[in-house]
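Numbering (the UniProt record's numbering), first residue to last: 1 to 1217.
Note that the Cβ used here is the ideal one computed from N, Cα and C, for glycine as well.
Keep in mind the model is a prediction, meaning the values are calculated, not measured.
Right, here's the structure in full:
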C-alpha cells in the first residue's frame, strides 16, 4: 500500500491489507515517516480516515485511491517554514587509464608506438564519457524524483481542500436546519412578548361566589411584579440571543467567503509544471546524447585496440593511420559533454527552487486550511451552545404562556364547575326517581302480599311455609356525596352543561330495552362505526395520494391514479349500497313505529272497552272484591301502555343515533366534495401547463436535431481531413523507407571501400619492406623491381578508384541531406495539418460551449418552473385553509341543527309528561270518586281520550314531517357524496401528474450535469493532446538538429557512419512515434465523433420519449408491436418516413411486410429480401432509407399481391432478425 506525505511529497510503501485498522496503519507509519501517531492525519479522496475503522471500510488498499499523510505540527501557527531544498551534489569520478608499457622494442616502431598512445588516450576519453554518463543519469533521476514529489504535494493540497469543502457543506446543512428551527421559535417568543399584558388579568373579575377579602380579580392570585420582572428578563435574554445568532450568521457568511478565497488561492500554485516537464525532457535528451557519444568513444577505442592487436600479432615494424582527427573530435565531444553537465546542474537548480517555492506555498495553504477547519468546528460548537440556550428560553417563556392563558383557563374552569354541579343535580334527580320507582314497586308488592294473606293466608297453617308471612323491609338507596366543596356557580355557555340527549340517555339506560329495538340500535351503531372507519381510510388514501412517491415515471403514476380512481368508484358503490341498506332499515323502523301506533290505538280501544265494562260492573256489583279485580286489570293495562311508551322512546333514540350517523357522513362527504372540486381545478391547470411544456420541449428537440445534423456535416469534413493526413503520412513513411534503403546501400559500399583500403595499406606495407630488403640487390633484381613497379601502378589505380568512390559517397551524403530537407518539409506539412486539426477541435469546443449555454438556459427555465410550482403549492395550502373554514362553518350549522333537534325532543318529553300527569289524574279520580264513578268516569274518560288522541295525532304528524325531512337530507347527502368521490378521483390524478413532472425535471437536471462533466473531460483531453503535439514538435526539431550535426561529423570522418545510421534508425522510430501520435489524434477525433453520435442518439431518444408522452396525454392507444431490445422505437399508427424504424413481419416464402389499418402496406425491396430471407423467418427491425410507391402493374411482378391497395417498396438497413 502506497502512502504519500502531503507536505514533503515523499512516498512510502507499507505492507497492509483490508483487515488493518487505521490505528494500526498509523503505528506502521511512525517508523517510515517519523511523524508521531497523535500528530498524523490521513485523508483519502477528501475523507478523513477514522482510527477505529478498517481499511476495507474505505475500499483500501486500492490502486485507484491515493492516501495522503499530514503532520499536525506543520500546520500550527508557530511552526517553522520549510527549509530551502538543495539536491545533493554529484562528483565526477574518472578512472584513469593504465600507463604505457616501457618496452624499447615498441619504441623502434613509431607506428605501433603511436597506436599505443592513441589507445591510451581513447581509453581515457572512454572512461571520462562513462563517468559523465553516470553523473547525467544520477542528475536525471534526482530531477525526476523532485518533480514527482512536487506533483504529490499538489495532489495532497487538493485532498485537503476537498476535505475542507466537505466540512463546510455539512456545516451549511446544519446551519440551515438551525436557522429554520430558531426562526420559528423566535417568532413564537416575540409573539408571547407582544401578547404579554399584566392588565389583562387585572381586568378579569372573579365570579361573585369566588370573591373573598382582598381577592377580587385574577391579578390578586399571582405576583404581578415578579411576572413583569420575569417578562423583562425573558425579553433581554431573547434579544441577546437574537444578536448572538445574527453574529453567528455573519461569521458563517464570512467563513464561506474565506473558504472560497482559499479555493482560488489553492488553485493558483506558483509552480509551472509544464516548464518542469519540459526541463525534464531536456535532461532526457542530454542523457540520450551522452549515450550516443559514449557509443562513439567505445567504437573508436575498440577500433584502435584491434589495430594494436593486429600489429602485435604480425610483429610489424611500422604501421600508419591518422587518428588525429578522431582525437580532435573526442576533445570536442568531451567539451560538449561538459557543457551538458553544466546544463544538468542548472536544471537541478531550477527543480530544487521550484520545490522550495511549492513547499513554502503548501505550508502556508495547509496552515490556512487548518485555521479554517478550526473555525468550522467553532461554528459547530456555537450552534450547539445557542441551541441549548434556545431550549432554556423555551422553558422560561412557559411562564409568559401561563399568564396569557390564565383568563381563558379561568373561564373554562367556571364552565367546568357549572357542568359538574349540573351533573350532580342530574344524578340526584335520577336517584330520587329510582327511589320513587322502588317505593312504588314496594307498595304494589305489599298490596299483592296483603291480598294473598287476606284471601288465602288465613287458611294455611303459619308454620307450614316459613317466611311466607314475613313483611317487606323498607327500600332506601343513598347516593355518596361528591363535589360538595364546589362553589355555587351556574354559567349558561354552550357546551358547558350536559345536553338533554345525555340526560335522556342516562334516564333511559336504567329501563329494560326491548330486545328487537335494542338489537336494531346495536346494528345501527356498528354500521355507523364501520362507515366512519371507511371515511378515515378514504381520507388517509387521499393523503397518501398527495404525498410524492420517489422513482415513479408518468405511466406508472397514470396507472396508479386509475387504480385509485377505480378503488374510489368501488368505495362509492359500496357507500351507495350501505346508504340504501340504512334507508331500508329506517323504513323498517318507521313501519315498526306505525305498527306500535296501531297497537297503541288497539290498546286504547281496549282500555275504553275495559272502562265501559268497569262502569257496567260498578253499577251491577257492589262488592269490594270485584272492584279490586277491576282495578288490578286497569293497572295491568296501564303498565302495558307504559311498556309501549318505553318502546317508542327506545325507537326514537335509535332514530336519533341513525340521524347523527347520517349527519356525520354528510359532513365528511361535503368536505370530500369541496376538496375534490379544488383538486379538479388544479388538475385542469396542470394539464394545460403540461401540454404547453410538451410543445416547447418538442421545439427544442427539433432545434437540437438540426444542430446534430450540423455536427454530422462537420464530422464528415473532419473525416476528409483525416484521410488527407493519412495519405501525407503514408507518403512520408514511404520516403523514410526509401531513405533507409539508400542508407543501407551506402553503408555496404563504405564497408567495401574500407576493406579495400585496408588491403591497399597492407600491400603498401609489404612493398616498402621488400624495397628495404632489396637495397643491396637492386642491380640483380631489376626485372623484379619493374614488376613491383607495375603492381604499384595498378595499386595506385585502385586507390584512385577508391577516391572516386569516396567522392560518390560525398554525393550520396549530399543526397541524404536533400532527403533530410524533404523530411523536414514533410514534418512542417504534418504540423500544418496538426494546426488545422486543432482549429477544427476549437470549433467543436465552441459549439460544445454553445450547447452548454443552451442547457444552462434550460436549467434557468426549470428553476422558474419550480418556483411556479411552489407558488401553486402555496395556493393549494390557502385553498385547504379555506376548506377548513368551510368545514368549521358546516360543523357550526350541524351543531345548531342538533340543538334544534334536542329542543324538539324536549318538547316531545313535555308532551309525554303531560300524558303521564293526565293518566295519574285519571287514577286519582277513579279512587276518590268511586261512588259517582259512572257519571264522572265517563266524562273524565272522554276528556282524557280526546286529549291523548290530540297528542298522538300531533306526535304522528311531527314524526311524518321529520321522516320526510330525513329522506330529503339523505338524498342530498347521496348526491354530495357522489360528487365528493368524483372530485377525489380528479385530485388523485392531479397529484400523480405533479409528481411525474417533478421527477422528469430532476432527471433532466441530472442529465445536464452529466453532459457538463463529459464536455469538461473532452476539453481537458483536447488540451492534453495539444500539449503532446507541441512537445512532439519540439522533440522532432531537436532530433533534426542532432541529425544535421551528425551529418556534418560524417563529412569530416567516414568512421562515424555507424553512429549516423543509429541516429537515422532513431529518427525512424521517432517518425513512427509521430505516426502513432497522429493515429492518437485520429482516435481522439473518432472519440469526439462517437460522442456527437451518442448525443444525437440521446436527443433522438428524448424526442421519442416526448412523442410517447404526448401520445399518452392524449389517451391514444398504439396497435404496433414494441421491440424487445432497449432504445428501439415502437411502431405506431402513423405514416412511415425516411429514417423511421419499421417492424416487418414474415408472411412466408421470404416475404416481409409492415402495415396497419391507417397506412398503406410497406414491403421490403427484393435486394433486401435476398439478403435477409434466407437467414431467418423472424420479425425484422429495419431503418428505412428510401420509400417509393409501387405502380399498380408492378405489384404482381414484385410481390404477387392483388391490386386495390396502396403499396410502397422500402429500401432499408436491417438491424437484426
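Quick one: what's got a C-beta closer than 8 angstroms to residue i's C-beta in the same chain, skipping five residues either side?
i	result
residue 262	161, 164, 365, 368, 369 and 372
residue 51	21, 22, 23 and 26
residue 859	1005 and 1008
Specify, as a first and last residue, the run of the alpha helix (DSSP H) that residue i falls within.
i	result
residue 206	Run containing residue 206: none; DSSP gives neither H nor E here.
residue 31	22 to 33
Beta strand (DSSP E) containing residue i: first to last residue?
i	result
residue 1	Residue 1 -> no beta strand (DSSP E), and no H or E assigned at all.
residue 471	Taken as a continuous stretch (DSSP letters only), residue 471 belongs to no beta strand (DSSP E), as it is neither H nor E.
residue 350	From DSSP, residue 350 is part of no beta strand (DSSP E) but of the alpha helix (DSSP H) over 324 to 396.
residue 71	67 to 71
residue 41	40 to 44
residue 456	Per DSSP, residue 456 belongs to no beta strand (DSSP E) and is neither H nor E.
residue 1230	Here the chain covers residues 1 to 1217 and nothing more, so residue 1230 does not appear.
residue 1162	1161 to 1164
residue 86	Per DSSP, residue 86 belongs to no beta strand (DSSP E) and is neither H nor E.
residue 1181	1180 to 1189
residue 213	Per DSSP, residue 213 belongs to no beta strand (DSSP E) and is neither H nor E.
residue 1143	1141 to 1146
Pop quiz: residue i and residue j are said to be a contact at Cβ under 8 angstroms. What is the actual Cβ separation, rounded to whole angstroms?
i	j	result
residue 357	residue 270	5 angstroms
residue 396	residue 234	5 angstroms
Short of 6 angstroms in beta carbon distance, which residues of its chain neighbour residue i, apart from the five on each side in sequence? Order them along the chain.
i	result
residue 375	255
residue 300	122 and 326
residue 17	none
residue 35	71
residue 39	71, 72 and 73
So, does the CB of residue i fall closer than 8 angstroms to a CB anywhere in chain C?
i	result
residue 873	Structure shown: chain C not included; a single protein chain is present.
Residue j and residue i - do their beta-carbons sit closer together than 8 angstroms?
i	j	result
residue 217	residue 206	yes
residue 276	residue 351	yes
residue 280	residue 126	no
residue 142	residue 55	no
residue 248	residue 393	no
residue 1184	residue 1214	no
residue 118	residue 304	yes
residue 136	residue 341	yes
residue 1190	residue 1207	yes
residue 32	residue 14	yes
residue 1025	residue 862	no
residue 482	residue 442	no
residue 49	residue 30	no
residue 486	residue 421	yes
residue 252	residue 47	no
residue 129	residue 337	yes
residue 1143	residue 1212	no
residue 116	residue 308	yes
With distances taken from CA atoms, which of the options is nearest residue i?
i	options	result
residue 1180	1190, 1147 and 1188	1147
residue 468	152, 78, 10 and 449	449
residue 428	345, 440, 484 and 470	484
residue 43	431, 31, 26 and 36	26
residue 153	3, 1140, 229 and 1141	3
residue 407	487, 265 and 221	221
residue 1152	1186, 1209 and 1140	1209
residue 1269	172, 45 and 243	Past the boundaries of the shown model lies residue 1269; the chain is included only from 1 to 1217, so the question cannot be answered.
residue 382	470, 179, 411 and 420	179
residue 332	362, 293 and 360	293
Enumerate in chain order the residues of its own chain whose CB-to-CB distance from residue i is below 7 angstroms, with the five nearest sequence positions on each side excluded.
i	result
residue 414	207, 489 and 491
residue 354	150, 271 and 276
residue 245	182 and 386
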